[in-house]
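2 protein chains.
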Amino acid sequence: MQKTRLIAADKVEGTRVYDLEGNRIGSIENIMIDKLTGKVAYADMSFGGFLGIGERHHPLPWNLLKYNTKIDGYEVAIDRDKLEKAPTFEPDDHPDWEDPSWGQQIHAYYNVTPYWL
Amino acid sequence: MQKTRLIAADKVEGTRVYDLEGNRIGSIENIMIDKLTGKVAYADMSFGGFLGIGERHHPLPWNLLKYNTKIDGYEVAIDRDKLEKAPTFEPDDHPDWEDPSWGQQIHAYYNVTPYWL
Chain A
11 MQKTRLIAAD
21 KVEGTRVYDL
31 EGNRIGSIEN
41 IMIDKLTGKV
51 AYADMSFGGF
61 LGIGERHHPL
71 PWNLLKYNTK
81 IDGYEVAIDR
91 DKLEKAPTFE
101 PDDHPDWEDP
111 SWGQQIHAYY
121 NVTPYWL
Chain B
11 MQKTRLIAAD
21 KVEGTRVYDL
31 EGNRIGSIEN
41 IMIDKLTGKV
51 AYADMSFGGF
61 LGIGERHHPL
71 PWNLLKYNTK
81 IDGYEVAIDR
91 DKLEKAPTFE
101 PDDHPDWEDP
111 SWGQQIHAYY
121 NVTPYWL
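As they're listed, the protein sequences go chains A and B. Just so we're aligned: 69 in this note's numbering is position 59 of the first sequence, and the numbers increase by one with no gaps anywhere. Just so we're aligned: 50 in this note's numbering is position 40 of the second sequence, and the numbers increase by one with no gaps anywhere.
So this is what it looks like as C-alpha cells:
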C-alpha cells in the first residue's frame with residue numbers, strides 16, 4: 011500500500027491546479043462523485059478573477075488531474091489557450107452535471123474517456 | 011447515463027446512514043479518496059453521542075455503503091451489535107488512514123475487499 015495515497019475530500023477542495031509549465035491555473039472548488047462506481051467523475055475548478063469577480067468555473071474530468079507531491083497540487087496537461095476556450099460556467103450557475111450532452115461535450119473537448127464508460 | 015448518478019463531495023458529508031431495518035446509525039463526516047484510482051476508499055461515519063459527547067467515529071469501507079434514494083441516505087448491511095464492536099476512533103483523534111495494519115483490520119472486520127487490491 012503506497013503512502014500518502016489517500017486524501018480527505020475536504021482537503022482536495024482548495025488544492026491548487028497547475029499546468030505543466032508550473033503556472034497556477036486555478037483551485038479545486040468541489041468534486042463530483044459517481045455513486046455507481048464510487049469514483050470521482052469531475053473536479054470543479056475555479057479559474058481567473060479577483061475576489062470572485064470575473065471568475066469562471068471549469069468542469070474537469072478527474073482523469074485529467076495528476077497529483078504532484080512536489081508542488082502539493084494537481085497538474086493538468088492543458089495549456090492556457092485550451093483552457094480559456096474550454097466549457098465553463100458562472101460561479102452562481104448550477105449546471106446540470108448529469109446532462110448527457112453537456113458531459114459528452116466536456117469529455118470530447120479534453121479528449122478523455124467519460125466516467126460512465 | 012443514469013440520472014442522479016453524481017453527487018458533490020460536500021453533499022455526501024452530512025448524509026445519514028441507516029441499517030437495513032431503517033434505524034439511523036450515524037452520519038457521514040468525511041470521505042477519503044484514493045488518489046491512485048480516483049475511487050472513494052472510506053467514509054468516516056460519526057455514531058452515537060450527543061452534541062459530540064460520547065461520539066465515536068467509524069471508518070467504513072466505501073463498498074459497504076449503498077445509496078437509497080427513497081430514504082435519501084446510505085444503507086449498510088451491518089447490525090448494531092457488529093457496529094458497536096467495530097474499529098473506531100475518537101472525534102479528536104487523527105488516525106493514520108494509510109497504516110496498512112489498520113486498513114487490513116478494518117476491511118477484515120467488515121469482510122470486504124480492500125480498496126488497494
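Ideal Cβ placement from N, Cα and C applies to all residues, glycine included.
Where residue i falls: helix, strand or coil (DSSP)
| i | result |
| --- | --- |
| Lys21(B) | helix |
| Leu70(B) | strand |
| Asp91(A) | helix |
| Leu76(B) | The identity of residue 76(B) in the sequence shown is Lys, whereas the question assumes Leu. It is a strand residue. |
| Tyr125(A) | coil |
| Met11(B) | With a pLDDT of 45 at Met11(B), under the threshold of 50, the predicted position of this residue should be treated as unreliable, though the coordinate-derived value follows. Note: Met11(B) maps to coil in three-state DSSP. |
| Trp107(B) | coil |
| Leu30(A) | coil |
| Glu85(B) | strand |
Boundaries of the alpha helix (DSSP H) in which residue i is found, first to last residue
| i | result |
| --- | --- |
| Ala118(A) | Pro110 to Tyr120 |
Outcome for residue i when other beta-carbon atoms lying within 10 angstroms are tallied against a minimum of 16
| i | result |
| --- | --- |
| Arg66(A) | buried |
| His117(A) | buried |
| Ala87(A) | exposed |
| Leu30(B) | exposed |
| Pro69(A) | buried |
| Pro110(A) | exposed |
| Leu16(A) | buried |
| Ile81(A) | exposed |
| Gly212(B) | Lying before the first or after the last residue shown, residue 212(B) is absent from chain B, which here runs from 11 to 127. |
| Asp91(B) | exposed |
| Lys45(B) | buried |
| Leu127(B) | exposed |
| Ile54(B) | In the sequence as displayed, the identity of residue 54(B) is Asp instead of Ile. Its Cβ being crowded by 16 or more others within 10 Å, Asp54(B) is buried. |
| Met85(A) | The sequence given here has Glu at residue 85(A), not Met. Counting Cβ neighbours within 10 Å, Glu85(A) comes out buried, since at least 16 surround it. |
| Glu39(B) | buried |
| Gly32(A) | exposed |
Sheet register partners of residue i (DSSP bridge)
| i | result |
| --- | --- |
| Gln54(B) | The residue you asked about is not Gln; residue 54(B) is Asp in the sequence shown. Asp54(B) is bridged to Asn40(B) and Pro69(B). |
| Lys45(B) | Answer is none; Lys45(B) lacks a bridge partner. |
Residue i CB to nearest heavy atom of the ligand ZN below 7 Å
| i | result |
| --- | --- |
| Met42(B) | Ligands displayed in this structure: none; no statement on the ligand ZN is therefore possible. |
Can you find at least 3 beta carbon pairs, one from the region 117-127 of chain A and one from the region 20-29 of chain B, that sit closer than 8 Å? No, they do not touch.
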